[in-house]
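Heads up: the sequence shown at position 137 corresponds to 117 in the working numbering, and the numbers run straight through without jumps.
Glycine is no exception: its CB is placed at the ideal position from the N, C-alpha and C atoms.
Read the structure below first, then the notes.
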Amino acid sequence: MSILRLSDFGYRRFGPLPAAGGGFPASRAATGAGNTGDYEVAGDWVRRRDRRRGGQSLESLRIVDVLDAGTDLNSDRLSYIDSYFRGAEFANTLLPELTTSDDVLNELPEVAENPEEPRCRGMYRLAQALNLAGRHRILKLFRDRIAPCFFRLYPQGRIAVIRYDDKFETTSAQLRVLYTLAQVPFPDMATAAPKINTLQNWHLNSLTVLGPLLIDLLLYQFYPFVGGFRAGPPGLDFVFLFEPAESYTPAIFPRSWLAIASTTAGFGKEQFDCYEAITNFGGPTWKDASHQRFRHDRGYTAEERLSLLRWYLGRVNRLLSELTDVANFTQDREIEAPIDPVFAFEHQLTVDRLARKTLLSMSLEEPGTAKFMAFEVAELYDGLSSMFGNHTGASDFFKRLFHSVEGPALLRDRLAQLPAPFGTELPALADRLYKTIEDTVIESVWLKSKLTPGGVLVRNKNLSSEVVVPRADFVADLMRVYRNGHHGYFTAGDKQGNRPSRYLFLTDGNLPAELSALPPLWWLAYVADPTMLGWKHLPVGEYD
-19 MSILRLSDFG
-9 YRRFGPLPAA
1 GGGFPASRAA
11 TGAGNTGDYE
21 VAGDWVRRRD
31 RRRGGQSLES
41 LRIVDVLDAG
51 TDLNSDRLSY
61 IDSYFRGAEF
71 ANTLLPELTT
81 SDDVLNELPE
91 VAENPEEPRC
101 RGMYRLAQAL
111 NLAGRHRILK
121 LFRDRIAPCF
131 FRLYPQGRIA
141 VIRYDDKFET
151 TSAQLRVLYT
161 LAQVPFPDMA
171 TAAPKINTLQ
181 NWHLNSLTVL
191 GPLLIDLLLY
201 QFYPFVGGFR
211 AGPPGLDFVF
221 LFEPAESYTP
231 AIFPRSWLAI
241 ASTTAGFGKE
251 QFDCYEAITN
261 FGGPTWKDAS
271 HQRFRHDRGY
281 TAEERLSLLR
291 WYLGRVNRLL
301 SELTDVANFT
311 QDREIEAPID
321 PVFAFEHQLT
331 VDRLARKTLL
341 SMSLEEPGTA
351 KFMAFEVAEL
361 YDGLSSMFGN
371 HTGASDFFKR
381 LFHSVEGPAL
391 LRDRLAQLPA
401 PFGTELPALA
411 DRLYKTIEDT
421 VIESVWLKSK
431 LTPGGVLVRN
441 KNLSSEVVVP
451 RADFVADLMR
461 VYRNGHHGYF
471 TAGDKQGNRP
481 SRYLFLTDGN
491 LPAELSALPP
501 LWWLAYVADP
511 TMLGWKHLPV
521 GEYD
């Protein structure tokens, strides 16, 4: 008969912090986790309460209402606004409340409806009204001015109201404290400062910062379409879902003085027929040239996007909950080994950076930089995959993300988890994108004698002979070489003999616009299933 261990019930144990000694005892760390966080404690061992059978993850972002043009906006229906100001930590800080006059508040929605005002600026005016109304005027202003204004602009639109749970602030702060305790003995830290300020100004890790980021990642998912606009006081978001979706059109060049310089500095664009673009202004080639990105052919309906938002928030809530559970991270990933708060906190920082770089890749107006941002995003995924032992060879996961066979295989089943119609359309889109990327890259091989039915002839590392590299492998290898070249790597400094010049000299450097569409799909796949990086977090609701 085997003896069950605490680890078999989802518990993980603290070691002394710092491990070198003279610091915080393991039992005290565990007790502190139980007192300030949602943990069950057994000696040095802890587990989140939601691990117990029947438990549920923390719901950090929750849709409390969905409004349409026919909704009766009485005070009872909008009671969550007063509830937010009465009870939410975000609404009751010691920070001064910034407001403005009634005249300005009433004028802002009028400006939003001005047909001569760009719609993005008009929506920003509604955001200003929500942010400046203050606790005593926001309900009436939203009911009487803001919501009617929006529904006049978008009669078939929706407004999803999202409330933030401030428990995330506690769990995230606890992670930061444990990270600091793992670095310095507690007596030294206690006398150095009145509070722990580790990376506070550089990386706040607050839901007031993460929530808007995560929502925008969904609203801007289907370039050039913009699915909505998010606004509201910290911790209470009004997500205005457009119907139809707005469509972004690049401004006529130059949009500003800086656009001239950034265009001069840009590179890595996909080739196009310049003469055709100029002579057929507004035509397909002109659009390709001006966008330099993959363009979705539709922005989906507000109802479809609302369904996707519900699914997305469910997955994001699980991700946020797991990111802040220090028990998910043990030394060398051994379940009997001590908890590793350093890895836990730095993992959270990396996922945050991953989200930010993904949104940057979706929104930068300089297309060359946005395209190369895909390499930086892939680099972060590769780093996380490596830390979880998900791949062994250097840059294997980076290459897999661009591999025209393994890439769509990685995404297909995960994207299929999305609600209809996304669960069928996005996996098919991934297949098409990777096929187009492969075709464009192979076409960029200018030395046609190196093309064979089996792939591309590439010199081996010592340049003594050539080998046939299959098309999909060539694409993945070339993307890694492009990334290295972009980061200033030199063949002369290549001590491992990988010789990036073996690949670079073969191609004309034409990079497909479809690269820009990969980071958004990677993000949806990751949110659907973070185990794609090898991260096996503890299950919820399965332990006795």
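Consult DSSP for residue i and reduce its assignment to one of helix, strand or coil.
i       : result
Gly208  : strand
Tyr144  : strand
Trp503  : helix
Val331  : helix
Tyr134  : coil
Trp291  : helix
Trp25   : strand
Arg123  : helix
Arg(-7) : strand
Ala225  : strand
Glu423  : helix
Tyr200  : coil
Asp30   : helix
Arg460  : helix
Val84   : helix
Asp217  : strand
Gly387  : helix
Ile195  : helix
Glu446  : strand
Leu495  : helix
Thr485  : Looking at the sequence shown, residue 485 is not Thr but Phe. Three-state result, Phe485: coil.
Arg273  : coil
What is the rounded straight-line gap between the Cα of residue i and the Cα of residue j?
i        : j      : result
Pro318   : Leu106 : 50 Å
Met353   : Ala497 : 11 Å
Tyr523   : Ala307 : 15 Å
Leu344   : Pro480 : 28 Å
Leu431   : Glu423 : 10 Å
Ala92    : Gly514 : 47 Å
Leu293   : Thr330 : 20 Å
Arg128   : Met367 : What sits at residue 128 in the sequence shown is Pro, not Arg. Taking the straight line joining both Cα atoms gives about 50 Å.
Pro(-4)  : Ser7   : 8 Å
Pro500   : Leu199 : 11 Å
Ala241   : Gly262 : 24 Å
Ser(-13) : Thr310 : 12 Å
Glu90    : Glu97  : 11 Å
Ser55    : Ala211 : 20 Å
Val421   : Pro450 : 13 Å
His383   : Leu121 : 52 Å
Tyr525   : Arg394 : Given that the chain is displayed from residue -19 to residue 524, the structure contains no residue 525 and the question cannot be resolved.
Tyr280   : Phe220 : 15 Å
Phe130   : Phe218 : 11 Å
Arg(-8)  : Thr178 : 25 Å
Ser270   : Leu504 : 27 Å
Cys100   : Ala71  : 27 Å
Is the CB-CB distance between residue i and residue j below 8 Å?
i      : j      : result
Gln272 : Ala493 : yes
Asn86  : Arg125 : yes
Glu149 : Leu187 : yes
Arg333 : Leu364 : no
Ser341 : Val322 : no
Ile118 : Leu47  : no
Leu38  : Asp146 : no
Pro401 : Pro165 : no
Leu339 : Asp457 : no
Thr259 : Ser152 : no
Arg278 : Gly369 : no
Trp502 : Leu406 : no
Thr471 : Trp426 : no
Just confirm the distance between the C-beta atoms of residue i and residue j, as a whole number of angstroms; I'd bet it's less than 8 Å.
i      : j      : result
Leu437 : Val455 : Leu437 to Val455, Cβ: 15 Å. No contact.
Phe222 : Ala282 : 7 Å
Ser287 : Pro399 : 5 Å
Tyr64  : Gly191 : Not quite, the Cβ-Cβ distance comes to about 14 Å (not below 8 Å), so this is no contact.
Ile43  : Ile142 : 6 Å
Ala10  : Gln154 : The Cβ separation is near 12 Å, so there is no contact.
Ile417 : Leu484 : So it is not a contact: roughly 17 Å between Cβ atoms.
Tyr203 : Arg295 : In fact, because the Cβ distance is near 21 Å, the residues do not count as touching under 8 Å.
Arg123 : Leu53  : 5 Å
Tell me whether residue i counts as near the ligand HEM, meaning its Cβ is closer than 7 Å to at least one heavy atom of that ligand.
i      : result
Ala374 : Among the components modelled here there is no ligand, and therefore nothing to report on the ligand HEM.
Would residue i pass as an interface residue toward chain C - the criterion being a Cβ-Cβ separation below 8 Å?
i      : result
His517 : The chain labelled as chain C is not found in the depicted structure, where only one protein chain is given.
Note to self: I'd like to know if the stretch 21 to 32 and the stretch 517 to 524 are in contact, where contact means that at least 3 CB-CB pairs between them fall below 8 Å.
What the structure shows: yes
Notebook entry, point to check: Per the contact definition of three or more C-beta pairs closer than 8 Å, is the stretch 388 to 401 in contact with the stretch 449 to 464?
Noted result: no
Notebook entry, point to check: Taking one C-beta from the stretch 297 to 309 and one from the stretch 406 to 419 each time, how about it: are there three or more such pairs within less than 8 Å?
Noted result: no
Notebook entry, point to check: Below 8 Å, can you find three or more Cβ-Cβ pairs linking the stretch 176 to 191 to the stretch 102 to 120?
Noted result: no
Notebook entry, point to check: Quick check: the stretch 227 to 234 against the stretch 76 to 85, are there 3 or more CB pairs under 8 Å?
Noted result: no
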